[in-house]
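Following my numbering from start to finish, the sequence shown increments by one per residue and tops out at 438. Think of the CB as a built atom: it goes at the ideal place given N, C-alpha and C, for glycine as much as any other residue. As the structure is a computational prediction, the values presented were derived from the model and not from experiment. Worksheet: one structure, shown below.
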Amino acid sequence: MLRKLLIFSSTLFLFACNNSSSSGSAELTPEVNAPATINYSVVNVFPHDTTSYTEGFLVHDGQLYESTGYSPEDAPSSKSLFGIVDLKTGKIQPKVEIDKKKYFGEGITYLDGKWYQLTYTTKVGFIYDGKTFKKIGEFTFPSEQGWGLTTDGTHLVMSDGTSNINFIDPTTFRVAKILGVTDNNGPVSNINDLEIINGYIYANQWQTNYILKIDTASGKVVGRLDLSTLATEAQNKYPQSNTLNGIAFDPATNRIFVTGKLWPNIYEIKFNF
């Protein structure tokens, strides 16, 4: 009888210790906050070419550049090109056009005197002279698809439609770092066009009306803009308007521009922090 009591007491002690340990572990798990809502206001509205299937958007030397892809289903007259956007007309003044039968043009960026352009499913990117736009090279990337492209001043920062953002060495084209994007619900996929603003990555999330503010150290989505109002306005004005895509930042003036695939407007917005 005594032996049974000792075994029972030992079991209770072990259970209590294990239960206490489990409770302690649970208490140590930090709670992940939902992304904060980022409010915004519209500063200006400019025209946008409704044949432009927007894939990349950036400001360089005070001029707005846009890259587009060829989408025969959604926009039969679209092309794979990039160039300067005339804000008076919304038309692109092409600097580069690639063979749309071979390549679907994706994101673009400018780094150290060179332009870089991604393609969608061919796993190849193109390099152009920063002034003449003459093609001077090609590179391959490890992702199955190329989506958005920007730079942190050192790396090419690339999205591929997953929840990962790749930091690529522009000399070797090897991946130097992979940043996994997460929020309070876990990994966040469909990361599309990218822009870096004041040290944070801002990313369009494909097939949503959201632009996500991402911490570059942790990958956590710390803020989110909901541009549903602008998307609805685009649809009402031009029913063939497609998904939101395109964010550009001018660090010299702090101007921010957004648009979407086949949208009739480009919006200059201001964050209301």
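Item: Beta carbon of G255 nearer than 8 Å to that of S245; Value: no
Item: Local Cβ density within 10 Å of R389, reported as buried at 16 or more and exposed below that; Value: buried
Item: Nearest candidate by alpha-carbon position, reference I292, set V346, Y275, D415, L229; Value: Y275
Item: C-beta contact flag for A382 and N430 at 8 Å; Value: no
Item: Boundaries (first-last residue) of the alpha helix (DSSP H) holding S232; Value: Per DSSP, S232 belongs to no alpha helix (DSSP H); it is in the beta strand (DSSP E), 228-233.
Item: Proximity of L283 and T315 at Cβ, strictly below 8 Å; Value: no
Item: Opening and closing residue of the beta strand (DSSP E) in which S324 lies; Value: 321-324
Item: Candidates Y432, F436, F438: closest to F211 by CA position; Value: Y432
Item: Spatial distance of F436 from H213 (CA atoms); Value: 21 Å
Item: S217 in three-state terms, based on DSSP; Value: coil
Item: Proximity of I249 and L229 at Cβ, strictly below 8 Å; Value: yes
Item: Nearest neighbour of N331, chosen from G351, P307, N349 [CA to CA]; Value: P307
Item: Simplified DSSP state of L395, which is helix, strand or coil; Value: helix
Item: Backbone secondary structure at N437 - three-state DSSP; Value: strand
Item: Cβ-Cβ distance between I412 and I361 below 8 Å; Value: no
Item: Buried or exposed (CB count within 10 angstroms, at least 16 for buried), S324; Value: buried
Item: Alpha-carbon to alpha-carbon, F338 and N198; Value: 35 Å
Item: S206 - containing beta strand (DSSP E), residue span; Value: 204-212
Item: Cβ shell of D380 (< 7 Å), same chain only, five flanking positions each side left out; Value: Y365, V387
Item: Spatial neighbours of T176 in its chain, beta-carbon cut-off 7 Å, leaving aside the 5 residues before and after; Value: Reliability of the predicted coordinates at T176 is poor, the pLDDT of 43 falling under 50, and no value is obtained from them.
Item: Straight-line Cα distance separating G227 from T418; Value: 9 Å
Item: Runs of beta strand (DSSP E) wholly within the region 336-363 (minimum 3 residues, chain order); Value: 340-345, 356-362
Item: Range covered by the beta strand (DSSP E) that runs through T424; Value: 420-425
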